[in-house]
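Trainee: With our numbering, the residue at position 2 of the sequence shown is -9, and numbering never jumps.
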Amino acid sequence: MPSVRIVGAPPLKGAVRALRVVRAVPTQWALTFRRNKLRLVIQTYDEEDAVSIREAKVATYSSTVVSDSAYVKSYFGNLPGVIVSLEARDLPLIESVKIMHTIQEGVKQTPGPVASSVATKLEQVLQ
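Quick look at the structure:
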């Protein structure tokens, strides 16, 4: 199985260990840091280029947007790497099934209404 790299963590081996979702609870300091970092990046874009840039600049001052972004990154940030590992041509079917089962269990354990919706949708897709 190709190794899956969770951002900020060393590479792990094995489908179950590689896909273990690290549950980081964002602190207020971390949220403020992320908001400021995101705001700095977005401020470099010119508002005249698109309405979406103007709206993004306004959104960076919303605590809801920042906390929602932190939630998505904390609980679903490993999914892009998982998708890449599932796309591998030489991945045995049993490994693919293990990966999907691990993801399904991880989503079920994730708190919040968004995770409930994701779990329901994932269940529907896999049936």
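Note that CB positions come from ideal geometry on N, CA and C, so glycine has one too.
Quick check on Asp57: does DSSP put it in helix, strand or coil?
Mentor: Helix.
Trainee: Does the distance from the C-beta atom of Val61 to that of Ile92 stay below 8 Å?
Mentor: The answer is no: Cβ separation not under 8 Å.
Trainee: Indicate the three-state DSSP secondary structure (helix, strand or coil) for Ser(-8) in the structure shown.
Mentor: Model confidence at Ser(-8) stands at a pLDDT of 46, short of 50, so the residue's coordinates are unreliable and nothing is read from them.
Trainee: Would the beta-carbon of Val96 fall within 8 Å of that of Val107?
Mentor: Their beta carbons are under 8 Å apart, which means Val96 touches Val107 by this criterion.
Trainee: Expressed to the nearest angstrom, what Euclidean distance is found between the alpha-carbon atoms of Ala45 and Gly66?
Mentor: Those two C-alpha atoms are separated by around 21 Å.
Trainee: State the Cα-Cα distance for the pair Asp57 and Pro69, rounded to the nearest angstrom.
Mentor: Roughly 18 Å separates the two Cα atoms.
Trainee: Which residue comes first and which comes last in the alpha helix (DSSP H) that contains Ala48?
Mentor: Taken as a continuous stretch (DSSP letters only), the alpha helix (DSSP H) holding Ala48 covers Val40 to Ala48.
Trainee: Would Ile83 be called buried (16 or more neighbouring beta carbons within 10 Å of its own) or exposed?
Mentor: Classification for Ile83: exposed.
Trainee: For the alpha helix (DSSP H) that contains Ala104, what are its first and last residues?
Mentor: Pro102 to Leu115 is the span of the alpha helix (DSSP H), which, as asked, contains Ala104.
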